[in-house]
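What follows is a single structure, written as structure tokens, with notes after it.
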Amino acid sequence: QDADGQILAVEEIFFTKSFENCTIQSPIETDYLGRAQSIFDDNGVPSVDERGMPIPVILNVSYPPMGLEKSLEISIIEQQRVSRIDLNSNRRQLTANGIDSMKFRATCYMTNGSPAPVNTEVHFETIYGRWDEDIVLISGSAGSCDNVYYAPDFICVDTSYVWVANPNDTLFSNPIIVNVVSGPPGEILIEGVPDTAQAGGPIFIRLVATILDAGGNPVRQGTFVTLRSTLFSNPQSGVTDIDGQAVMLIQASREEPGFGTITVIAGGVEKTVRIEFI
1035 QDADGQILAV
1045 EEIFFTKSFE
1055 NCTIQSPIET
1065 DYLGRAQSIF
1075 DDNGVPSVDE
1085 RGMPIPVILN
1095 VSYPPMGLEK
1105 SLEISIIEQQ
1115 RVSRIDLNSN
1125 RRQLTANGID
1135 SMKFRATCYM
1145 TNGSPAPVNT
1155 EVHFETIYGR
1165 WDEDIVLISG
1175 SAGSCDNVYY
1185 APDFICVDTS
1195 YVWVANPNDT
1205 LFSNPIIVNV
1215 VSGPPGEILI
1225 EGVPDTAQAG
1235 GPIFIRLVAT
1245 ILDAGGNPVR
1255 QGTFVTLRST
1265 LFSNPQSGVT
1275 DIDGQAVMLI
1285 QASREEPGFG
1295 TITVIAGGVE
1305 KTVRIEFI
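Structural data, given as structure tokens:
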């Protein structure tokens, strides 16, 4: 407006700035309401002096014919981004049962070393297991958030990590390796024992016992397996291999026709098979 309050329509207004790395549109004509709207772009460059110290940008608006001028200051600060993510867990080994779990904590830091702000989105990833939540927001002043990882129901070596989306890139955390191992014996499979045998003399049996956990995974190598039977007096035993199998060669006999039993025992679990002697 001029001194009399009259609107200055369709007049050129000039915009200038004190910082060379930013831009502003100029001149701009006023509309019928006397308004001139320009676009200022900081070009992603913070306003600093030659020493790197923050300084304000002075934006100046002028209308030379009447000597009108107005200025304001604006500071362009560097946009902080997440520059480091530390991922930690309280365990490194879980049981392959689909429910064994452990807690992870992700701590995020900005480029200036300060903790990431509240509500920063942290994305949790894993290859075989699952998370309680796929995305967790940072809460509190420490820049951290917690999540719960659940092991799959099969044996594997799993890898877990998190990531945060920055304005122009994606930052990933350190990976955490989780060994998912079999649980204790839960099932026994027996092979090699005949259904019938001839009474009155010894028989030789190559018994193969496969020991599985509750999820059907082979138990750990070296699991102790014992045999109990009405067909021999000396105790028999063996250990499982990498496939959860224990192979034992046994000599059994029954003088009279009838039934005999062999029981395989592993970790408190038993399985009995019966042989008919004729």
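If you read the sequence shown in the numbering used here, its first letter stands for residue 1035, the second for the next number, and so on. Beta carbons are placed, not taken as given, at the ideal position from N, Cα and C, and that holds for glycine. Just so we're clear, the structure is a prediction, and the values are computed from it rather than from any experiment.
Whose C-beta lies closer than 6 Å to the C-beta of Val1281 among residues of the same chain, with five residues either side of it excluded? Val1242
What does a CB cutoff of less than 6 Å around Ser1072 pick up in its chain, not counting 5 residues either side in sequence? Phe1049, Ile1058, Gln1059 and Ile1062
Please work out which residues of its chain come closer than 6 Å, Cβ to Cβ, to Trp1197, disregarding the five sequence neighbours upstream and downstream, and give them in chain order. His1157, Thr1204 and Phe1206
Is it buried or exposed for Gly1217, if we count other Cβ within 10 angstroms and need 16 for buried? buried
If we count Cβ pairs, one from each stretch, closer than 8 Å, do we get three or more for the region 1182-1193 versus the region 1131-1146? yes
Just to confirm, are Ser1271 and Pro1236 a CB contact at a threshold of 8 Å? no
Any heavy atom of the ligand FMN closer than 7 Å to the Cβ of Leu1241? This structure does not include the ligand FMN; it has no bound ligands of any sort.
Is it a yes or a no for the region 1160-1173 touching the region 1110-1117, going by three-plus beta-carbon pairs under 8 Å? no
Taking only three categories from DSSP, how would you classify Met1282? strand
Tell me which same chain residues have a C-beta within less than 8 Å of the C-beta of Glu1304, skipping the five on either side of it? Ile1222, Thr1297 and Val1298
Residues in the same chain with beta-carbon distance under 6 Å from Ser1123, minus the five sequence neighbours each way, listed in chain order, please. Met1136, Phe1138 and Ile1210
Using the rule of at least 16 other Cβ atoms within 10 Å of the residue's Cβ for burial, across every protein chain shown, is Asn1153 buried or exposed? exposed
In this structure, what does DSSP give as the bridge partners for Pro1252? Leu1246
For Pro1236, the three-state DSSP class (helix, strand or coil): strand
Looking only at DSSP bridge pairs, what is Ile1058 linked to? Phe1074
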